[in-house]
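Protein chains in written order, with our numbering: chain A, 3 to 257; chain B, 367 to 648; chain C, 604 to 857.
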């Protein structure tokens, strides 16, 4: 069926099919932050349910409100994460995850999607972690493309980075196939690789007294997306030092 | 009867099947600086209660005029006399603890958690809360240190996913005496964003004086601007679709101590916010 | 009432056809010397799908958000058209003219008011060139003044062409020739843009508003196989490490 009007969304919420996902998070100080592509993980919202409630076909975020303490200059990125895999530098291993999803897009069923990588440090890297070289499938579906992971040495847990380099003229990836390691010396560290399905980019000022922002995902920041079970929704800030946040994300169960 | 469309909301507000809730709130005192908790990843919010509250003894919530069971909050407007965006919502008392002795010092409130609501069509689902620690007896230096775990190293809180978690972080306050009323958020484990319940708090370093209340906060609407003299407006349909029930969540057992108030970040002392919330009966 | 005249219409298009949602991240490679009155740097464009579903004629980007690093930079996101190129060791290669686009149901011959010259093969020496073009009213054989690229300009170095158009001209419909005045090797290409979105660097991100907002800007529909181009503009744009992130949200045009 699918909700197809503002009124249908209203009626759906009134019937008890909305949920306010609330949470707080700390953005972590990043390492040497001379490059723009550094990010900090601010918040992971509660994961979406592991099974569809009766009568619910997908989950649609409709509204984000966010308090930042001393807002990160340039704001934050809210996205539904694609788990592309995990790299363990300590064991020189890669645990594969998912591909960018295949979706119905502009009337075409089973359309492959592509996008960038955000690398999240979950266990701090040491100086001997070395270099991870990704083999990936590019935006056009070409396999065997390789590029070194953009990651600063000794990055601490909670820091993150945008992958800004690709092979040749590539501009996105569909999947990571494998990872090779080089230059390691008693390595340690674990990173998670996220694909980005963007929901909102919110701006907050550099006020030292806190700032707030709102994304209206069915209105002026229109971004209606249907998310599935177990989806992780993340908020990363373009910040280079620790910032904290309180946030609420409203989600409606589609019919 | 459930809301069916926008005109339905407008009709109910016109015909009196709704509410307008004016309020004036003031923030808790926070002498000693707003950023005392930041080094440990903490926020230092100002809990805002209804005007006339005496912190922490007589914390008055905003009177729910016309709200209550089977009502929906559909919008609001508020401003303040200082830089003050404020999140308004329900505070649920989870329990209390003292900092004057080491070991397990947390006493849970009589109400059984988690708090519950209907979500995605399913009844009695646990509510996630943002935990705030409010000082009720001034904490003196030596700064106490605590962890969200038992004296034996067992779980100290139930996280947003319902898992019982051993809190890994050493928490506390820094430097100055914390006056009665001062608040910080609890420093949860990395990747946890909220709690369903608090199980225990272990004091590792005691202070000579100090007691706290832990509130679980359920935000409903954010209002206000970061510049005084301006008002923030929020419409639950056209400025971020979000209708929230204007009644507290239910306990799993017993009666909860709760109030409707606000959380403002980084505000100076003696800030007042004022505004109106509105909504409709179901 | 058109599909994009109400919020309900946007919701229906999203639910009936599925939105086009992408995040694009790129970095400018190689430091360079800014060039021209309005210096710029061209990122790699992306390609729209080769085809759409039944009844879908294109994609309407109702929400674009972006950031570009550098306090003195901005980002132009638009439909990009290759108008022609000049091989400094060889000759001119013609591209395409600016397209005809439906604006509010009327077919409009577009012209580019955002025309750029970009280095697409690195220059080994400074270069000077001029262009012959058809202007916005269809007048042919108009000529730009000479445009100078600095010594050793790397790939991506770009110059905003409009200040160099023949007096009185506003835009370019078609490039008919590119002539070398000075230069040895390298390739300079000419691109026209139909703008979709602008953002400022570092501290702000300005989204192109959905149709429901008051806007006198036209909506350009992205069609099959067309390119979305990204042009950084500003005095710090060509520092190595200039990075952009752009989120695209589009709905089916039917």
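Cβ coordinates follow ideal geometry from the N, Cα and C atoms, glycine included.
These numbers come from a predicted model, not from an experiment.
When secondary structure is reduced to three states using DSSP, residue 10 (chain A) falls in the helix class.
For residue 616 (chain C), the enclosing alpha helix (DSSP H) covers residues 610-620. For residue 156 (chain A), the CB contacts under 7 Å within the same chain, skipping 5 residues up- and downstream, are 33, 127, 128, 129 in chain order. By the C-beta density criterion, residue 104 (chain A) is exposed, having fewer than 16 other C-beta atoms within 10 angstroms.
In the three-state reduction of the DSSP assignment, residue 376 (chain B) falls in the helix class. For residue 186 (chain A), not one C-beta of chain C is nearer than 8 Å to its own C-beta. In the displayed model, residue 15 (chain A) falls within a helix according to three-state DSSP. With respect to residue 468 (chain B), residue 572 (chain B) sits close: the two C-beta atoms are nearer than 8 Å.
Following the DSSP letters along the chain, one finds residue 78 (chain A) inside the beta strand (DSSP E) bounded by residues 78-90. Not a single C-beta of chain A is nearer than 8 Å to the C-beta of residue 830 (chain C). Per DSSP, the unbroken beta strand (DSSP E) holding residue 393 (chain B) starts and ends at 384-393. By the neighbour-count criterion, in which 16 or more other beta carbons inside 10 Å mark a residue as buried, residue 709 (chain C) falls on the exposed side.
Under a criterion of Cβ atoms nearer than 7 Å, the residues of chain A adjacent to residue 369 (chain B) are, in order, 12, 13, 16. Secondary-structure assignment with DSSP links residue 471 (chain B) through no beta bridge to anything. Between the segment 106-117 of chain A and the segment 621-630 of chain C there are three or more inter-stretch CB-CB distances shorter than 8 Å, so the stretches are counted as touching. A direct Cα-Cα distance of roughly 23 Å separates residue 249 (chain A) from residue 488 (chain B).
Boundaries of the beta strand (DSSP E) harbouring residue 709 (chain C): 709-712, taken from the DSSP string. Sequence-distant partners of residue 101 (chain A) (beyond 5 residues in either direction) whose C-beta falls short of 7 Å from its own C-beta, in its chain, are 176, 177. Interface flag for residue 485 (chain B) against chain A is set, since a Cβ pair is found closer than 8 Å.
Membership of residue 44 (chain A) in the beta strand (DSSP E) is indicated by the continuous run 40-46. C-alpha of residue 51 (chain A) to C-alpha of residue 836 (chain C): approximately 44 Å in a straight line.
Of the residues assessed, residue 386 (chain B) falls on the exposed side of the cut-off, its CB having fewer than 16 other CB atoms within 10 angstroms. Residues of chain B whose Cβ lies closer than 9 Å to the Cβ of residue 64 (chain A) are, in chain order, 606, 607, 608.
Contact of residue 6 (chain A) with chain C is assigned, a C-beta pair being separated by under 8 Å. Checking the DSSP bridge columns, you'll see residue 515 (chain B) partnered with B:521. For residue 500 (chain B), the uninterrupted beta strand (DSSP E) run begins and ends at 496-503, by DSSP. Between the segment 782-790 of chain C and the segment 651-661 of chain C, the count of Cβ pairs shorter than 8 Å is below three; the stretches do not touch. Among the residues facing chain C, residue 176 (chain A) is not included, as its CB has no counterpart in that chain under 8 Å away.
Think of a sphere of 7 Å around the beta carbon of residue 257 (chain A): no beta carbon from chain C falls inside it, the nearest being about 11 Å out. Membership of residue 484 (chain B) in the beta strand (DSSP E) is indicated by the continuous run 482-485.
Ranked by how close their Cα comes to the Cα of residue 645 (chain C), the residues C:855, C:792, C:687 have C:792 in first place. Shortest Cα-Cα distance from residue 822 (chain C) to any of C:851, C:706, C:847 involves C:706. Residue pairing by DSSP puts residue 456 (chain B) in a beta bridge opposite B:584, B:626.
For the C-beta of residue 45 (chain A), the chain B residues within less than 9 Å are, from N- to C-terminus, 559. A direct Cα-to-Cα measurement between residue 631 (chain C) and residue 716 (chain C) gives close to 24 Å. In the DSSP assignment, residue 718 (chain C) forms a beta bridge with C:795.
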